[in-house]
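Numbering (this note's numbering), first residue to last: 17 to 248.
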Amino acid sequence: MRQEIPPHWLHPRDIAQARAAQAEMAARIVPRDALPEPPWRIGGADVSNTRFDPRRRVHAALVTLDAAQDVVAQASESRVADFPYVPGYLGFREVPALVAAWTRLHPKPDLLLVDGQGLAHPRGLGLACHLGLVLDVPTIGVAKSLLVGTAEPGPAVGDAAPILWKGARIGTALRTRRGARPLYVSVGHRVSLETAAVLVRAACDGRRLPVPIRAAHDAANAARRAGEAADA
DNA sequence: GCGACAG
DNA sequence: ATCTTGTCGC
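This is how it looks when you write it as structure tokens:
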């Protein structure tokens, strides 16, 4: 339902304009539950990069799972990234390709688990927030490491600890697998932190990463291999 | 000024 | 993110 997406929200000319765009977007993030009625169809989003690629291509993938955690749809988009990888500005590199893939995903999920930070970001606008706002879809940030803040959850599966930064809580660190580093969950858009943590836990099946994220990761890698094969 | 730094 | 097999441990 999003009508007009300012061009610089997707294609800023430089870091200064990207920073300004993040401030504009951060002010529009809804950190509360604004979801359709459950049960929800959960989706996953991830992007794979071609190593040492002079063309700087990115391969974005989205998947939709049903209540049984089975993949019922997937879509991908391979293209040349028009923005470099800069910590804190990941969205400008990955969101454009993800948006393209989204238009071809059928059926679409009610909510997306995104491989990256949400509000646990230096300016409150991680990849999950960026994507959720542009698509106007509920999103949750699921990161494998911290960009800012600290958190130390207990060793048992299910143990959680707040991610603290500058005296405020910006997310939840979750132990999703024994002996493995925790996962860092934070609000993306239109979901509360409480709901985000509960859903991520429920989406795990014993491995460190939740099923939707793994499925998206696999799909992104498949798209990359296909693209690299079509090359040579 | 120095170090850190999602994917 | 990406390059990669076997191997150690529960």
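Yeah, the Cβ is synthetic: ideal placement off N, Cα and C, and Gly gets one too.
Remember, it's a predicted structure, so these values are computed and weren't measured experimentally.
Would you mind working out which of L147, A176 and A159 sits nearest G132, comparing C-alpha positions?
-> A159
DSSP state of H137, grouped into three classes?
-> coil
For the stretch 99-187, list the alpha helix (DSSP H) runs that are entirely contained and at least 4 residues long, ordered along the chain.
-> 106-119 and 143-151
Using CA coordinates, which residue listed in G170, S208 and V173 is at the minimum distance from R185?
-> S208
Under the assumption that R197 contacts G222 (Cβ atoms under 8 Å), give the Cβ distance between them as a whole number of angstroms.
-> In fact, because the Cβ distance is near 16 Å, the residues do not count as touching under 8 Å.
Since R95 and V74 are thought to touch, with beta carbons under 8 Å apart, how far apart are those beta carbons, to the nearest angstrom?
-> 7 Å
Would you grab the beta carbon distance between L121 and W56 for me? Rounded to a whole angstrom, and I think it's under 8 Å.
-> Wrong, their Cβ atoms sit about 15 Å apart, outside the cutoff.
So what does DSSP say about R95, is it helix, strand or coil?
-> strand
Taking 8 Å as the cut-off, decide whether the C-beta atoms of A176 and A218 are in contact.
-> no
Residues bridged to R73 (per DSSP) | V96
Can you name, in chain order, every residue of its own chain whose Cβ lies under 7 Å from the Cβ of A117, other than the five neighbours on each side?
-> A76, A77, L78, A91, S92 and E93
Under 8 Å Cβ to Cβ from V216, same chain only, skipping five residues before and after it: list those, please.
-> L129, I156, V158, L190, T192, L199, V201 and P226
The alpha helix (DSSP H) with A37 in it runs from where to where?
-> I31 to A42
Go through its chain and collect everything with a Cβ distance to Q33's Cβ below 6 Å, but skip five positions before and after it.
-> H24
With burial defined as no fewer than 16 other Cβ atoms inside 10 Å of the residue's Cβ, what is the status of P169: buried or exposed?
-> buried
Taking only runs of the beta strand (DSSP E) that begin and end inside the stretch 198-232, which ones reach a length of at least 3 residues, in chain order?
-> 199-205
Tell me, to the nearest whole angstrom, how far the beta carbon of A42 is from that of L141; I am working on the premise that it is less than 8 Å.
-> 5 Å
Measure the CB-CB distance between A113 and V173 and report whether it falls below 8 Å.
-> no
Is it buried or exposed for R44, if we count other Cβ within 10 angstroms and need 16 for buried?
-> exposed
Short Cβ contact (8 Å threshold) for A232 with A61 = yes
Which residue or residues does DSSP assign as beta-bridge partners of D62?
-> A77
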